[in-house]
Amino acid sequence: MQNLRYVGKNLFIEKLSINNILKRNKTPFYLYSENQIINNFLRFKEVFKKTNPLICFAAKSNSNVSILKTLGKLGAGTDVVSGGELLKALKAGIKPNKVVFSGVGKNEDELRIAINKKILLINCESESEAKLIDKIARKLRKKVSIGFRLNPNIDAKTHQKISTGKAENKFGLSIKNFKSFYKSIKKYKNIKLDALSVHIGSQILSDVPYKKMLNVMSNLIKELKLDLKFLDLGGGFGIRYNEKDKPINLKKYSDSVNKLAKKLKCKIIFEPGRSIIGDTGILLSKIQYIKKGAKKDFIIIDAGMNDFMRPALYDAVHKIIPIRKSKSKLKGTIEFVGPICESTCKFGSYKNYQKMSENDFVAITNVGAYGSSLSSNYNSRPLIAELLVNKNKIKYIRKKQDLLKLINS
Ligand code: LLP
1486 MQNLRYVGKN
1496 LFIEKLSINN
1506 ILKRNKTPFY
1516 LYSENQIINN
1526 FLRFKEVFKK
1536 TNPLICFAAK
1546 SNSNVSILKT
1556 LGKLGAGTDV
1566 VSGGELLKAL
1576 KAGIKPNKVV
1586 FSGVGKNEDE
1596 LRIAINKKIL
1606 LINCESESEA
1616 KLIDKIARKL
1626 RKKVSIGFRL
1636 NPNIDAKTHQ
1646 KISTGKAENK
1656 FGLSIKNFKS
1666 FYKSIKKYKN
1676 IKLDALSVHI
1686 GSQILSDVPY
1696 KKMLNVMSNL
1706 IKELKLDLKF
1716 LDLGGGFGIR
1726 YNEKDKPINL
1736 KKYSDSVNKL
1746 AKKLKCKIIF
1756 EPGRSIIGDT
1766 GILLSKIQYI
1776 KKGAKKDFII
1786 IDAGMNDFMR
1796 PALYDAVHKI
1806 IPIRKSKSKL
1816 KGTIEFVGPI
1826 CESTCKFGSY
1836 KNYQKMSEND
1846 FVAITNVGAY
1856 GSSLSSNYNS
1866 RPLIAELLVN
1876 KNKIKYIRKK
1886 QDLLKLINS
């Protein structure tokens, strides 16, 4: 994150010293840079300028209403995957005609809300779902615009748990099955196929799978002579979690997208999440205890895997940095762990880390995407606060959940 840097020994976010923020706020909490969010969105928009796509931010990556509002003011729409996310997007002031709804298991209530609110597109993922949308629309006497999500059977070369476009993944319909569905689409009088959609995975760092995906889509559209209003190309663009990660070349991809959009004469939709929000947030945590182990020492912090799941779920590596730098080093290996009663509640090991003491603070970095949104009440711990910094101002964008309310609910 460019807006996170040391001034002397102290870590700053935008114009604020994190040490000062910590004097007034109890850890653990999420802290975001609003200007980083704005810059990321504008950079994405600039790369695809020629195509002028509708950029529907994937709310699953971070569904904080204030963050959706910030993005909405810049012209973003939202990609939602549940009734809850849909209502959050509308609460944030996103117009329904900028909302797309993805997901393999939308239920009747959720579909009814989407139809009643007249969102731009429901991206349908099975023939049974199309049937249900048609049935609800008929009862409501409406004609509903749908997209169909395809599974192009492409390996996005990412972590197997976040790959979504291979034949063995549950998402979308295979090309063969879509073709057979398409033959009978006329019998569904209350839906209209306005779009195709595709999303092959997340944290993708190469443009090669994307180009293959464009080929598959383009060939199918040609073969069936589809006249589409929209082509929804999903999200998935990776970010650099460490020095080894090479950034994806979006410029090259944008040229291919632009060519296809011109040929098809349709509006392109993107659903980026991580690339907009991933590097904008940190998770601040206090060192509760330091304990000697037989093979390494444990630094026990007050954030747990319930607050931040990515390391436990995907073996994700997120750098942990001190709030105050010092030159003296700890000897041997230390491991940052959390308080949850699971061995997977750990955040990373380091050799010769700088000297740390109990009550010092650290920041887990690049946690803006799939951090807060994946958190839970596991071990009956309340959801933690979220703060947003803009220059030298702080906004409290989510209060820490009240422990008594959690216990009594
Ligand atoms: N569109 C659809 C239909 C999706 O399923 C996803 C993510 C996105 C867009 C946004 O993808 P992004 O641009 O953020 O890569 N929890 C995992 C990531 C799961 C992604 C699920 N789908 C993680 O923490 O890595």
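Throughout, the working numbering is defined as the position within the sequence shown, counted from one, plus 1485. For each residue, glycine too, the CB sits at the ideal point set by N, CA and C.
Alpha-carbon spacing of residue i relative to residue j, whole angstroms
i: Ser1611; j: Arg1634; result: 8 Å
i: Ile1785; j: Ile1775; result: 6 Å
i: Lys1707; j: Met1698; result: 14 Å
i: Ile1604; j: Leu1516; result: 31 Å
i: Lys1627; j: Asn1582; result: 16 Å
i: Leu1658; j: Ala1615; result: 12 Å
i: Gln1773; j: Asp1787; result: 6 Å
i: Lys1455; j: Ile1618; result: With the chain running from 1486 to 1894 in the structure shown, residue 1455 is simply not present.
i: Ser1652; j: Ser1613; result: Before going on, a small fix: residue 1652 reads as Ala here, not Ser. The alpha-carbon atoms of Ala1652 and Ser1613 are separated by roughly 19 Å.
i: Lys1576; j: Leu1553; result: 9 Å
i: Ala1622; j: Glu1595; result: 13 Å
i: Lys1814; j: His1644; result: 33 Å
i: Arg1725; j: Lys1804; result: 11 Å
i: Asn1675; j: Lys1624; result: 10 Å
i: Ala1797; j: Ile1647; result: 14 Å
i: Lys1580; j: Ile1631; result: 17 Å
i: Thr1829; j: Tyr1838; result: 21 Å
i: Gly1588; j: Glu1871; result: 27 Å
i: Leu1888; j: Gln1487; result: 35 Å
i: Leu1745; j: Tyr1799; result: 34 Å
i: Val1566; j: Leu1559; result: 22 Å
i: Ile1879; j: Lys1780; result: 41 Å
i: Asn1743; j: Gly1721; result: 18 Å
i: Ile1882; j: Leu1716; result: 34 Å
i: Ser1551; j: Ala1574; result: 10 Å
i: Ser1834; j: Gly1723; result: 23 Å
i: Ser1687; j: Lys1696; result: 15 Å
Residue i CB to nearest heavy atom of ligand 1 below 7 Å
i: Leu1571; result: no
i: Leu1716; result: no
i: Leu1859; result: yes
i: His1684; result: yes
i: Phe1526; result: no
i: Thr1649; result: yes
i: Asp1832; result: Residue 1832 is actually Phe in this sequence, not Asp. No, the beta carbon of Phe1832 sits no closer than 7 Å to any heavy atom of ligand 1.
i: Gln1688; result: yes
i: Ala1854; result: yes
i: Gly1778; result: no
i: Ser1587; result: yes
i: Lys1583; result: no
i: Pro1757; result: yes
i: Asp1640; result: no
i: Ala1574; result: no
i: Arg1795; result: yes
i: Phe1722; result: yes
i: Ser1548; result: no
i: Ala1800; result: Note on residue identity: the sequence assigns Asp, not Ala, to residue 1800. Not so, every heavy atom of ligand 1 lies at least 7 Å from the Cβ.
i: Asp1564; result: yes
i: Lys1545; result: yes
i: Gly1719; result: yes
i: Ser1760; result: yes
Residues bridged to residue i [DSSP beta-bridge criterion]
i: Thr1563; result: Phe1542 and Val1584
i: Glu1595; result: According to DSSP, Glu1595 bridges with nothing at all.
i: Asn1727; result: According to DSSP, Asn1727 bridges with nothing at all.
i: Gly1686; result: Ser1648
i: Ala1870; result: Phe1514
i: Glu1820; result: Phe1783 and Ser1834
i: Leu1489; result: Ile1498
i: Leu1606; result: Val1585
i: Tyr1738; result: Its beta-bridge partners do not exist; DSSP assigns none.
Residue-chain proximity (residue i, chain C), Cβ-Cβ < 8 Å
i: Gly1789; result: Looking at the structure shown, chain C is missing, and only one protein chain is on hand.
So does the region 1495-1502 actually touch the region 1726-1733, counting three or more Cβ pairs closer than 8 Å? no
Count the CB pairs spanning the region 1800-1814 and the region 1532-1550 that are closer than 8 Å, and state whether there are at least three. no
Does the contact criterion of 3 or more C-beta pairs under 8 Å hold for the region 1840-1855 versus the region 1863-1882? no
Are three or more beta carbon pairs between the region 1518-1525 and the region 1759-1768 nearer than 8 Å? yes
Are the region 1665-1685 and the region 1590-1610 in contact at 8 Å, needing three or more beta carbon pairs? yes
Please confirm if the region 1542-1557 is in contact with the region 1813-1831, defined as three or more CB-CB distances below 8 Å between the two stretches. no
Is the region 1638-1650 in contact with the region 1683-1702, if contact means three or more CB pairs nearer than 8 Å? yes
Taking contact to mean at least 3 C-beta pairs separated by less than 8 Å, is the region 1658-1670 in contact with the region 1712-1722? no
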